[in-house]
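S.K.:
There are 2 protein chains.
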Amino acid sequence: MPSDNSPDSAVRPRPRRKPPLSHYVITRARSSFSLGAYDPAAKPCGNGIGKAEDKAAVETLAQELDALQNLFYADRRYKLLVVLQGMDTSGKDGTLRGVFGRMSPLGVHTVGWKAPSAEERDHDYLWRIHRQMPGAGEIMVFNRSHYEDVLVPVVEGWIDARQTAQRYAHIRDFERMLAETGTVILKFMLHISKEEQRQRLQERVDDPAKHWKFQPSDLETRKRWDEYQAAYERAIAATATPWAPWHIVPADSKTHRNLMIAQRLKQTLLGLDLRYPTGDPALMGVKVE
Amino acid sequence: MPSDNSPDSAVRPRPRRKPPLSHYVITRARSSFSLGAYDPAAKPCGNGIGKAEDKAAVETLAQELDALQNLFYADRRYKLLVVLQGMDTSGKDGTLRGVFGRMSPLGVHTVGWKAPSAEERDHDYLWRIHRQMPGAGEIMVFNRSHYEDVLVPVVEGWIDARQTAQRYAHIRDFERMLAETGTVILKFMLHISKEEQRQRLQERVDDPAKHWKFQPSDLETRKRWDEYQAAYERAIAATATPWAPWHIVPADSKTHRNLMIAQRLKQTLLGLDLRYPTGDPALMGVKVE
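As given, the protein sequences belong to chains A and B, one line each in that order.
Going by UniProt numbering, the first sequence opens with residue 1, and the numbers climb by one from there.
Going by UniProt numbering, the second sequence opens with residue 1, and the numbers climb by one from there.
1. Of all the residues that make up the stretch 132 to 146 of chain A, which are near chain B by a beta-carbon distance shorter than 7 Å?
2. How is K213(A) classed by DSSP in three states: helix, strand or coil?
3. Under the three-state reduction of DSSP, which class applies to I139(A): helix, strand or coil?
4. Can you tell me which residues form a DSSP beta bridge with F188(A)?
5. Just the C-alpha distance for Y232(A) and M87(A), rounded to the nearest angstrom, thanks.
6. Could you check which residue in L259(A), P277(A), K18(A), G135(A) has the C-alpha nearest to that of E64(A)?
7. What span of residues does the alpha helix (DSSP H) with V108(A) cover, start to end?
8. Could you please give the first and the last residue of the uninterrupted alpha helix (DSSP H) stretch that includes M260(A)?
9. With DSSP as the reference, label V152(B) as helix, strand or coil.
10. What's the C-alpha gap between G36(B) and R121(A)?
11. Under 8 Å by Cβ, that's how I've got I129(B) and V108(B) pegged, so tell me the actual separation to the nearest angstrom.
12. Could you please give me the residues that DSSP links to V25(A) through a beta bridge?
13. Determine which residues share a DSSP beta bridge with K79(A) and list them.
14. Counting only C-beta atoms, is Y73(A) closer than 8 Å to chain B at any point?
15. Across the stretch 65 to 73 of chain B and the stretch 212 to 230 of chain B, are there enough close Cβ pairs to call them in contact, namely three or more that are closer than 8 Å?
16. Can you tell me whether DSSP reads T278(A) as helix, strand or coil?
17. For D226(A) and Q197(A), what's the separation of their Cα atoms in angstroms?
18. Count the other CB atoms, across all protein chains shown, that sit within 10 Å of the CB of A235(A); report buried if there are 16 or more and exposed otherwise.
19. So, for T255(B): in the same chain, excluding its five sequence neighbours on each side, which residues have a beta-carbon less than 6 Å away from its beta-carbon?
20. Just checking, does the stretch 188 to 206 of chain A make contact with the stretch 82 to 96 of chain A on the three C-beta pairs under 8 Å criterion?
21. DSSP three-state call for T241(A): helix, strand or coil?
22. Please report how far the alpha carbon of W158(A) lies from the alpha carbon of H146(A), in whole angstroms.
23. How far does the alpha helix (DSSP H) with R128(A) in it extend, from its first residue to its last?
24. Quick check on D280(A) - is its C-beta less than 8 Å from some C-beta in chain B?
25. In chain A, which residues lie with their C-beta within 7 Å of the C-beta of E64(B)?
26. Restricting to Cα atoms, I'd like to know which of W127(B), E195(B), W243(B), G112(B) is closest to Q85(B).
27. Is there contact here, the stretch 73 to 83 of chain B with the stretch 185 to 193 of chain B, by at least three beta-carbon pairs under 8 Å?
28. Just to make sure I have the definition right: I need the residues of chain B whose C-beta is within less than 7 Å of the C-beta of Q166(A). Which are they?
29. Among the residues of its own chain, which have a CB less than 8 Å from the CB of P242(B), if the five just before and after it don't count?
30. On the three-state DSSP scale, how would you describe E289(A)?
31. So, are the CB atoms of A74(A) and R102(A) less than 8 Å apart?
32. Check whether the Cβ atoms of A41(B) and P277(B) lie closer than 8 Å to each other.
33. Relative to chain B, which residues along the stretch 73 to 93 of chain A have a C-beta separation below 7 Å, given in chain order?
34. Does DSSP put F33(A) in a helix, in a strand, or in coil?
35. Near T164(B), what residues of its chain come up, given a Cβ to Cβ distance below 7 Å and the 5 sequence neighbours on each side ignored?
As structure tokens, then:
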């Protein structure tokens, strides 16, 4: 801090107060919402000591999450849907590896959503989504999701304002039905800055080991950064609900992004009061020969 | 008519006025609804000449429907979902054969819904339903449907009033989403009398050719006739909407049942202003060698 050298500490600007964690959770639809209120470089979950400590914390959490997932699988009263959204390079793949990578593939599944196939386009846009919903005891992580259907078509102008509003309502209704039938829903918006994206895309161009992740179309999407941010803001404002809240995750720091998501997941799973089902009394004391 | 012999026609009771066809279509959710207002032996669509004429009319309609289905398939702007519900022996299988039997299996599909499998029970109750929704240009006929999920569990007491109300809302929302994404929905309640069911069940017991359709559990369900009728009434009252109306079909007469459903289908398809897509101009006049 340059002002550390100031002779009179009384005139130093006070450090901005860290917003509470609740600031990052949107639980109710609202008329408007601004991503600009969130600093992509903020670290609301960090312990402030340093990156190495945060990394160690993520690793510990990932192991705790593995144990919790095992319990979730045995308990079977719930299903868990995790939605990862964000601009290109915002870290959706990295989250999958860093947060969910320790869990057993038995109970954790993931779908990376691409452009719909011909058969999928022949149905409503939630048809392919519903098919992939987790079953009892399962965790499903969506890398992109049905929210793409209120992003790309909106920015490209393929659907008008009326259709967009209809889709927001469909999604709210769909997620409510899922929640009321036992699905816990966590939606994460991985929030990066435009400059951070520039650096990460440049790395993908320059680094042969990352080149496979680069697509020229990413540059086209980047040109419409502001339009996509606005579409995200409208979608988040319209689809944040008590049963399927949006979590805004500052994601310029990959470590902090994983830390925040892993913490939220752990809290959510602990809040479910998961239990191993009690065994059949008739089996107690049975001798296995 | 016995009263034809009355010497004084002035004192004869006037024949009850036939209710208009709109009486049989429920297009709005309402607080209550009574099946008792519908005579299962009524023939609102018959021409009143006789059964043979009605049978011929059904056959003509079935052929017209085949042509319309072909056009529907080519047009591809819509999907059509037909739901057949009704008590045991109400004629769901017979409708499939009599009304849809002339159509090409290419564009017409049917699902006979049974008790859910273990995998299906692991998901929300609309999961298996959504998977089977028709694609563009397709007609899907459900023999039973998601409405079973607000009948059996209600009568058996597996779900309480709050859960039942939630399911009504889920179904309304689900069907609205389908309608807003191009699915035309027709729901038919095949309405038979308890006495007609008795005769038909007895036939299944007595006739070796029909015995395979008889299940002892049908008798258990029959004992709870009034409870099932009440559950139907509540479900129809709660889920009749402009985008997915219920059609009450007097079904003691099999021929009239088919006639009414076939007429309604024809009207619906004609109302869509279906067209063969215009060919690619570049292909006009191409010489096939």
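No residue lacks a Cβ here, since even glycine has one placed at the ideal position from N, Cα and C.
Predicted, not measured: the structure shown is a model, and the values here were computed from it.
M.R.: If we stick to the structure as given:
1. M133, G135, A136
2. As a position in the first sequence, residue 213(A) is number 213, starting the count at 1. In this structure, K213(A) counts as helix in the three-state DSSP scheme.
3. Taking the first residue of the first sequence as 1, we reach residue 139(A) at position 139. Reduced to three states, the DSSP call for I139(A) is strand.
4. Residue 188(A) sits at position 188 when you count from the first residue of the first sequence. F188(A) is bridged to L84(A), H247(A).
5. Within the first sequence, the letter at position 232 stands for residue 232(A). Within the first sequence, the letter at position 87 stands for residue 87(A). Cα-Cα distance, rounded: 9 Å.
6. One-based indexing of the first sequence puts residue 64(A) at position 64. When each option's Cα is compared against that of E64(A), the closest is L259(A).
7. In the first sequence, counting from the first residue as 1, residue 108(A) sits at position 108. Where V108(A) is concerned, there is no enclosing alpha helix (DSSP H), although the beta strand (DSSP E) it sits in stretches over 108 to 112.
8. Here residue 260(A) corresponds to residue number 260 of the first sequence, with the count starting at 1. It spans 254 to 270 - the alpha helix (DSSP H) in which M260(A) sits, taken as one unbroken run.
9. Within the second sequence, the letter at position 152 stands for residue 152(B). Here V152(B) sits in helix by DSSP.
10. Here residue 36(B) is taken as the residue at index 36 of the second sequence, counted from 1. Here residue 121(A) is taken as the residue at index 121 of the first sequence, counted from 1. In a straight line, the C-alpha of G36(B) is about 43 Å away from that of R121(A).
11. The residue given as residue 129(B) occupies position 129 in the second sequence. The residue given as residue 108(B) occupies position 108 in the second sequence. About 18 Å separates the two Cβ atoms, so there is no contact after all.
12. The sequence position of residue 25(A) within the first sequence is 25, counting from 1. Paired residues: H247(A).
13. Translated into the one-based positions of the first sequence, residue 79(A) becomes position 79. Answer by DSSP bridge pairing, in chain order: T183(A).
14. Locating residue 73(A) in the first sequence gives position 73, counting from the first residue. It does not: the Cβ of Y73(A) has no partner Cβ on chain B nearer than 8 Å.
15. no
16. On the first sequence, position 278 is the one that residue 278(A) refers to. Coil, per DSSP.
17. Walking along the first sequence from the start, residue 226(A) turns up at place 226. Walking along the first sequence from the start, residue 197(A) turns up at place 197. When the Cα atoms are used, D226(A) and Q197(A) turn out to be separated by approximately 13 Å.
18. Indexing the first sequence from 1 puts residue 235(A) at position 235. Under this definition A235(A) is a buried residue.
19. Working through the second sequence from its first residue, we reach residue 255(B) at position 255. Excluding sequence neighbours, T255(B) sits near K51, D54, K55.
20. yes
21. As a working mapping, residue 241(A) is identified with position 241 in the first sequence. DSSP places T241(A) in strand when its eight states are reduced to three.
22. For this step, residue 158(A) is matched to residue 158 along the first sequence. For this step, residue 146(A) is matched to residue 146 along the first sequence. Rounded to the nearest angstrom, the two C-alpha atoms are 16 Å apart.
23. Locating residue 128(A) in the first sequence gives position 128, where the first residue counts as 1. Per DSSP, R128(A) belongs to the alpha helix (DSSP H) from 127 to 131.
24. One-based indexing of the first sequence puts residue 280(A) at position 280. No, its Cβ sits nowhere closer than 8 Å to a Cβ of chain B.
25. Looking up residue 64(B) in the second sequence gives position 64. Correct list: empty, because the minimum Cβ distance to chain A is about 26 Å.
26. In the second sequence, counting from the first residue as 1, residue 85(B) sits at position 85. Considering only alpha carbons, the answer is G112(B).
27. yes
28. Here residue 166(A) is taken as the residue at index 166 of the first sequence, counted from 1. The contacting residues are E180.
29. In the second sequence, counting from the first residue as 1, residue 242(B) sits at position 242. Within the same chain, P242(B) has close Cβ partners T27, R28.
30. Here residue 289(A) refers to the residue found at position 289 when the first sequence is read from its first residue. Looking at E289(A) - three-state DSSP - the assignment turns out to be coil, as it is neither helix nor strand.
31. Mapped onto the first sequence, residue 74(A) falls at position 74. Mapped onto the first sequence, residue 102(A) falls at position 102. The Cβ-Cβ distance between A74(A) and R102(A) does not fall below 8 Å.
32. The sequence position of residue 41(B) within the second sequence is 41, counting from 1. The sequence position of residue 277(B) within the second sequence is 277, counting from 1. With respect to P277(B), A41(B) sits apart: the two C-beta atoms are not nearer than 8 Å.
33. none
34. Position 33 of the first sequence, counted from the start, is the residue given in the question as residue 33(A). In the structure shown, F33(A) sits in coil (DSSP, three-state: anything other than H, G, I, E or B).
35. Here residue 164(B) refers to the residue found at position 164 when the second sequence is read from its first residue. The residues are V150, V154.
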